[in-house]
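Residue numbers (my numbering), protein chains in the order written: chain A, 408 to 749; chain B, 321 to 638; chain C, 12 to 157.
Quick look at the structure:
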């Protein structure tokens with residue numbers, strides 16, 4: 408499996424090839440924000456960006472998603488019979504996705520598609536129909552720490568193709584069969600690029616200065632971490648908004664609602680957040696996560712203790728640093744982890 | 321970080337803790353990323369050394385007094401002290417349980433404006449004094465006048481000095497932001513009805529309903545917010561436009577006659593939504609019709625908890 | 012458009028405007044059938060949520076009517092409501108909800124004639140501005156996907 412070469416000016420060749428088969432999505436710039444959008448124009452494709460403001464998880468797990476519809480009339484013949492929503496009509500490609508975000512999807516696959524019995528059909532449909540073409544990070548942000556959570560700016564987890572930006576050209580590395588077949592027509596790169604990529608990778612990784620220690624978190628008993636005295640202080644400044652969870656590429660909690668109007672009814676699921684008291688509020692009035700401390704602890708315990716425990720060691724954080732950027736009160740996940748580990 | 325003020329805050333905080341005047345001093349500590357400072361709770365003299373004062377103290381610390389036990393000292397610039405007055409008037413905070421370290425605000429910085437100014441480039445560090453910021457990136461540096469990148473609400477500030485305090489940090493300085501709020505409040509009034517709706521949509525359609533604006537606001541202390549109510553459910557949980565807009569209309573309306581225009585909502589919004597367009601309209605109407613300015617006076621009765629026989633009635637269909 | 016018959020939701024105070032509607036009825040005073048009435052204990056018990064919910068459900072107009080100021084059965088309910096309504100009406104107009112869609116009146120239980128007159132006037136005003144469904148401001152729409 409070799410490397411392919413593509414001059415950046417000729418990105419059109421790749422785009423055309425993709426556009427023939429797929430709807431193409433990529434991060435595009437609007438003001439100071441970079442966000443995922445369907446690409447209609449070749450010129451919108453960006454190479455000079457850090458990462459999208461919001462993660463691309465909404466493309467697989469929309470903030471509001473209809474699960475099924477029904478006729479809200481018990482007397483009608485088809486009354487209350489569930490009607491499936493149509494699957495994704497067209498296959499898609501996500502171009503220039505960062506390795507951290509792609510890795511987030513492979514982690515979420517373990518949640519949404521763990522086994523036959525707990526298959527999330529909505530997630531699976533979109534995952535199956537989407538090709539991920541990654542763009543390695545040559546210049547990670549100050550808030551990035553992917554190397555500390557089992558990933559890398561050049562990570563390949565979850566990707567079909569990894570592209571490496573060499574300035575005027577791109578190196579394409581096929582990772583899956585699906586990816587390889589997409590790039591097979593392109594010019595073969597010399598074998599020396601492997602070492603070049605390796606150098607770039609090392610240089611990118613060395614730019615990540617954050618060091619996280621997680622040994623104690625992972626080795627200690629669950630309850631010991633749960634009862635860590637640090638939680639008494641951490642929650643104080645938290646305002647329990649959901650910004651961190653909505654920006655997080657791996658946060659995946661949702662709330663299910665039935666909505667009706669006249670004869671029409673539908674079930675929708677919406678992003679929800681463990682920061683909200685309502686999220687765990689029982690019909691009885693009891694709330695097992697009744698205080699702010701419970702809720703703040705939950706988010707970090709989930710990512711750094713429960714998920715590794717349940718998902719064969721996979722940490723529920725990919726180190727993208729978005730929560731650090733958006734937290735209104737500057738709760739920094741890097742400090743949280745290091746303090747949890749004390 | 322503004323060093324003179326920082327030093328004085330630390331001294332005062334340490335003294336209060338040492339003399340057991342308060343259990344905790346609530347202020348700001350230096351944030352882990354540039355242009356953002358973090359609310360901080362200092363319980364010991366040692367922790368008081370982490371307190372700072374800067375142009376990035378954009379939250380409203382009065383929020384933390386609600387339902388908080390013990391006696392707390394709070395670093396409060398004008399708007400925050402006004403929120404404390406409001407909370408005392410609304411019986412949410414007891415005056416004797418809060419020790420207000422009043423301070424002058426140099427006008428807080430709008431992080432987005434700075435990022436726009438440098439074209440979205442990554443900022444590594446920021447230095448500041450009362451007049452300017454020096455923004456430092458990887459291999460570049462830019463000097464920006466503070467007054468060019470203030471938050472919008474800081475330009476029309478009614479009181480930069482704390483209005484209620486037990487002790488004042490530093491000296492009282494020019495208290496007005498300089499701009500006239502009545503010139504900039506309610507910017508859509510001049511538009512046609514459909515243009516207004518378009519502006520309203522444009523402003524709020526990006527909302528992701530993280531509720532940072534609600535949760536950062538010291539006015540939002542209801543035991544159960546209307547968006548969380550389910551029987552009846554006034555506001556759906558979806559991203560449908562009607563649900564998003566219902567949230568914003570009612571959120572603003574619930575702040576009527578209480579909003580001190582501290583700007584915390586806009587500073588907290590990760591999407592950069594300018595929700596003050598709604599609160600500024602309400603507060604302008606209240607000033608004009610009822611002659612009331614929130615948070616200026618202990619014991620004042622909020623305008624929606626009172627009436628006058630001759631209140632204006634031009635909402636009545638003639 | 013000419014045969015557009017709006018749906019108007021009226022919140023009428025139990026002690027006055029509802030009585031006026033009742034009196035208009037027993038007096039055989041005709042008024043347009045576009046109005047659906049919900050009786051409320053007092054105009055002071057009106058929450059802005061009720062009005063927004065009506066618009067969300069797709070009504071073309073909302074009408075709130077209470078006792079004349081000074082005549083409130085609960086002494087001052089309508090006087091407190093007055094400030095709220097004034098601000099709410101201004102706010103909704105400010106964000107682009109046509110003022111013709113939201114009406115407030117004070118009508119006592121003896122004023123059946125006034126009730127009839129206002130009902131006609133409000134229906135005309137809403138007819139003039141057209142169906143809410145056209146611009147769909149604030150309407151919570153639920154439609155089949157396919």
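By construction, the Cβ of each residue, glycine as well, lies at the ideal position given by its N, Cα and C atoms.
Local Cβ density within 10 Å of residue i, reported as buried at 16 or more and exposed below that
i                      : result
residue 592 of chain A : exposed
residue 476 of chain A : buried
residue 666 of chain A : buried
residue 37 of chain C  : exposed
residue 70 of chain C  : buried
residue 586 of chain B : buried
residue 524 of chain B : buried
residue 640 of chain A : exposed
Rounded distance between the beta-carbons of residue j and residue i, thought under 8 Å
i                      : j                      : result
residue 454 of chain A : residue 415 of chain A : 7 Å
residue 449 of chain A : residue 501 of chain A : In fact, because the Cβ distance is near 16 Å, the residues do not count as touching under 8 Å.
residue 570 of chain A : residue 607 of chain A : Actually they are not in contact, since the Cβ atoms of residue 570 of chain A and residue 607 of chain A sit about 12 Å apart, beyond 8 Å.
residue 708 of chain A : residue 654 of chain A : No, residue 708 of chain A and residue 654 of chain A are not in contact; Cβ-Cβ is about 19 Å, not under 8 Å.
residue 365 of chain B : residue 341 of chain B : Going by Cβ atoms, the distance from residue 365 of chain B to residue 341 of chain B rounds to 13 Å, so no, they are not a contact pair.
residue 615 of chain A : residue 554 of chain A : 5 Å
residue 570 of chain B : residue 110 of chain C : Their Cβ separation, rounded to whole angstroms, is 19 Å, which puts residue 570 of chain B and residue 110 of chain C out of contact at 8 Å.
residue 567 of chain A : residue 582 of chain A : 6 Å
Neighbour list for residue i in chain A, Cβ cutoff strictly below 8 Å
i                      : result
residue 435 of chain B : 439
Cβ-Cβ distance between residue i and residue j below 8 Å
i                      : j                      : result
residue 84 of chain C  : residue 117 of chain C : no
residue 633 of chain B : residue 125 of chain C : no
residue 430 of chain A : residue 460 of chain A : no
residue 493 of chain B : residue 503 of chain B : no
residue 442 of chain B : residue 551 of chain A : no
residue 562 of chain B : residue 149 of chain C : yes
residue 321 of chain B : residue 377 of chain B : no
residue 360 of chain B : residue 371 of chain B : yes
residue 583 of chain B : residue 432 of chain B : no
residue 567 of chain B : residue 555 of chain B : yes
residue 712 of chain A : residue 724 of chain A : no
residue 351 of chain B : residue 395 of chain B : no
residue 673 of chain A : residue 663 of chain A : no
residue 745 of chain A : residue 619 of chain A : yes
residue 231 of chain C : residue 107 of chain C : Residue 231 of chain C falls outside the range modelled here, since chain C spans only 12 to 157, and no answer is possible.
residue 651 of chain A : residue 706 of chain A : yes
residue 521 of chain A : residue 458 of chain A : no
residue 15 of chain C  : residue 155 of chain C : no
residue 418 of chain A : residue 433 of chain A : no
residue 592 of chain B : residue 409 of chain B : no
residue 680 of chain A : residue 515 of chain A : no
Under 9 Å from the C-beta of residue i: neighbouring residues of chain C
i                      : result
residue 556 of chain B : 67, 151
residue 529 of chain A : Chain C residues near residue 529 of chain A: none, gap ~13 Å exceeds 9 Å.
residue 671 of chain A : 153, 154, 155
residue 473 of chain A : 156
Listed by chain order, chain B residues near residue i by CB distance under 8 Å
i                      : result
residue 20 of chain C  : Those within 8 Å of residue 20 of chain C in chain B number zero; the least Cβ separation is about 15 Å.
residue 144 of chain C : Per Cβ cutoff of 8 Å: no residues; residue 144 of chain C is ~13 Å from chain B at best.
residue 662 of chain A : 557
Residue i: contacting residues in chain B (beta-carbon distance under 7 Å)
i                      : result
residue 703 of chain A : The premise fails here: residue 703 of chain A is roughly 13 Å from chain B at the closest Cβ pair, so nothing lies under 7 Å.
residue 733 of chain A : 590
residue 59 of chain C  : 570, 573
Residue i: contacting residues in chain A (beta-carbon distance under 7 Å)
i                      : result
residue 535 of chain B : 646, 647, 648
residue 356 of chain B : 737
residue 351 of chain B : 737
Beta-carbon neighbours of residue i, restricted to chain A and to distances below 9 Å
i                      : result
residue 548 of chain B : 683, 684, 685, 688
Proximal residues to residue i (C-beta, below 7 Å), its chain only, five neighbours per side dropped
i                      : result
residue 354 of chain B : 443, 444, 445, 446
residue 518 of chain A : 659
residue 65 of chain C  : 20, 73
residue 418 of chain B : 385, 392, 394, 404
Other residues of its chain near residue i: CB distance less than 8 Å, five sequence neighbours each side excluded
i                      : result
residue 498 of chain A : 428, 429, 430, 536, 537, 538
Under 9 Å by beta carbon: chain B residues contacting residue i
i                      : result
residue 654 of chain A : 528, 530, 590
Chain-ordered neighbours of residue i on chain C, where CB pairs are closer than 8 Å
i                      : result
residue 744 of chain A : Going along chain C, no residue has its Cβ under 8 Å from residue 744 of chain A, so there is no contact; the nearest lies around 42 Å.
Own chain residues within Cβ distance below 6 Å of residue i, not counting five before or after
i                      : result
residue 497 of chain B : 474, 475, 476, 477
residue 561 of chain A : 543, 608
residue 610 of chain B : 623
residue 538 of chain B : 380, 382, 383, 403
Under 7 Å by beta carbon: chain C residues contacting residue i
i                      : result
residue 666 of chain A : 153
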